[in-house]
Amino acid sequence: MIASVLPTYNRAPLNFVKGEGAWLTEKDGRRFLDLGAGIAVNALGHAHPALVEALTSQARALWHVSNLYEIPQQQALADRLVEHTFADTVFFTNSGTEACELAVKMARKYFYEKGQPERVEIITFDGSFHGRSSAGIAAAGGEKMTKGFGPLLPGFVHLTFGDLDGVTDAISDKTAAIMIEPVQGEGGIRPVPDAELKALRSLCDEHGLLLILDEVQCGVGRTGKLFAHEWAGIAPDIMMVAKGIGGGFPLGAVLATANAASGMTAGTHGSTYGGNPLGCAVGCAVMDHVADADFLAEVNRKAGLLRQRLEGLVAGHPEVFEEVRGAGLMLGLKCKAVNIDVVNAGYANEVITVPAGDNVIRLLPPLTLTDEDIAEAIARLGKAATQVEAA
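The numbering used here puts the first residue of the sequence shown at 1318, with every later residue one more than the last.
Put into structure tokens, the structure is as follows:
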């Protein structure tokens, strides 16, 4: 007997019925402080008035027409993204997974059209996560995601995270691109140092490769810049975006330079739902907030406050936590205790965190959380830690 919902998730026994700001209400009435934001999705929190208005207003007018026709809301969001980023062009998807699929296709098609069809290999790194499609799991390469799923899509070269010498050695006449997350999310909140991102950009320029950045989790204001790579002062050729860009509505995108996208002509890629009026209307409302300099400055201020308080939490519970890591409001607590035990203790104390690799719990709160929310977060995490210590 199998459940009517395919049992591929280990779900917590929680059933949320309402959200507001950084708070979720369980059906039994308990209020949980949400430091997960749907895994970095609810960038503006739950039920943000501007997003509610954008969605309902568009829903009353038009939901879907398909990409057989012009979509004004899609054009408006593409224009905003081009204005505020390195990109010259944007393709809209429904998810980060779909964005990864196009990024891989775009890189390979680029070299095919340049008369170098042998250049199909993409260099990736251990601990990475690029979605759960065939290309995504092949790109990441970890056994947890690939075991049992048959012959993997070829063309990916997996290297050790942080091994710059290994990158240089791995580049060959078959290499098309380097793909990396500026801050690994699922891998345990592991930021790539600015100097390393600069070095990867230089290697791509030197060898004529494309640099693909996966900013599905670390983008859209999460680190205190609109996109995380901006801290390093570099730009990719192709970038994958999703999660926060829709503020909770399924929306993703691939951003690219005109050069990198030059192989993608009419008929080479498509999506039935991608860039629909509903999603793009919400995306425009998200961009109106997260692209604002004052908003990002406030994200950085709150990130500094939260990190300072978390350092105190770690110092106060040395048997539970080792360190704070991450950037902006994409933070991780490296645990000495088992991270799932800490997550579960958080549930018992009505605070939500997200487990990750390397025995880390992720803190990915709404970018709109308040100073009062931060104080409450530290209090509840402290109670959770005390509970773990007593177990």
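Note that beta-carbon positions come from the ideal geometry of N, C-alpha and C, so glycine has one too.
Same chain, Cβ closer than 7 Å to residue i, five either side skipped, listed in chain order
i     : result
L1527 : A1424, Y1427, A1493, A1494, C1521, D1554, I1555 and A1577
G1600 : L1394, I1562, G1563 and L1568
L1514 : P1499, H1546, A1549 and I1551
M1581 : M1423 and K1426
R1518 : L1528 and I1551
Spatial neighbours of residue i in its chain, beta-carbon cut-off 6 Å, leaving aside the 5 residues before and after
i     : result
L1686 : A1339
V1407 : A1395, L1398, A1570 and L1572
A1602 : A1367, L1368 and A1371
F1612 : H1606
E1337 : H1363 and A1364
N1315 : Nothing about residue 1315 can be reported from this structure: the residues present for the chain run from 1318 to 1708 only.
F1478 : F1442, D1443 and G1444
T1574 : D1405 and D1554
V1421 : A1452
Residue i classed as buried or exposed, judged by whether at least 16 other C-beta atoms fall within 10 angstroms
i     : result
Q1727 : Here the chain has residues from 1318 to 1708 only, and residue 1727 is not among them.
T1410 : buried
M1604 : buried
M1318 : exposed
A1614 : exposed
G1565 : buried
S1445 : buried
E1628 : exposed
S1321 : exposed
D1531 : buried
H1447 : buried
A1360 : buried
S1383 : exposed
G1536 : buried
T1540 : buried
A1743 : In this structure the chain extends from 1318 to 1708, so residue 1743 is not present and cannot be described.
E1418 : buried
E1438 : buried
H1401 : exposed
K1619 : buried
Q1625 : exposed
W1431 : According to the sequence displayed, residue 1431 carries Lys and not Trp. So K1431 counts as exposed.
Residues that DSSP places opposite residue i in a beta bridge
i     : result
F1566 : G1564
K1335 : T1342
I1439 : F1473 and A1494
P1682 : P1682 is not bridged to any residue.
V1677 : K1651 and A1673
I1555 : I1529 and A1573
A1644 : M1647
V1407 : L1572
F1638 : C1652
V1668 : L1350
Close beta carbons around residue i, own chain, < 8 Å, minus the five adjacent residues each side
i     : result
A1376 : L1595
A1701 : V1659, A1662, G1663, A1665, N1666 and V1668
I1488 : I1440, L1520, H1524 and L1526
A1598 : A1371, L1372, S1374, Q1375 and Q1390
F1466 : S1451 and I1454
R1449 : T1414 and M1462
R1347 : E1667
L1543 : H1401, T1402, G1536, V1537, V1607, A1608 and L1613
Test: residue i CB closer than 8 Å to a CB of chain D
i     : result
I1695 : Among the chains in the structure shown there is no chain D, since it carries only a single protein chain.
Within the region 1493 to 1540, note down every full alpha helix (DSSP H) run reaching 4 residues or more, in order along the chain. Listed in chain order, they are 1511 to 1524.
Open item on the list: Is it the case that the region 1363 to 1373 contacts the region 1696 to 1705, given that we only count it when at least three CB pairs across the two stretches are under 8 Å?
Closed with: Too few Cβ pairs lie closer than 8 Å, so no.
Note to self: With three or more beta-carbon pairs closer than 8 Å as the criterion, would you say the region 1639 to 1651 touches the region 1504 to 1513?
What the structure shows: Touching, yes.
| request: Quick one: which unbroken alpha helix (DSSP H) runs of 4-plus residues sit fully inside the region 1349 to 1388? Chain order, please. | output: Listed in chain order, the complete alpha helix (DSSP H) runs (minimum 4 residues) inside the region 1349 to 1388 are 1354 to 1357 and 1366 to 1378.
Is it true that the region 1441 to 1457 meets the region 1466 to 1486, where meeting means three or more beta-carbon pairs spaced less than 8 Å apart? Yes, since at least three Cβ pairs between the region 1441 to 1457 and the region 1466 to 1486 fall closer than 8 Å, the two stretches touch.
Check whether the region 1325 to 1334 touches the region 1671 to 1687, counting contact only when three or more Cβ pairs, one atom from each stretch, lie closer than 8 Å. With a cut-off of 8 Å, the region 1671 to 1687 and the region 1325 to 1334 do not count as touching, because too few Cβ pairs lie within range.
Q. Residue ranges of each alpha helix (DSSP H) run of no fewer than 4 residues wholly in the region 1599 to 1637, ordered along the chain?
A. The alpha helix (DSSP H) runs lying completely inside the region 1599 to 1637 and spanning 4 residues or more are 1610 to 1633, given in chain order.
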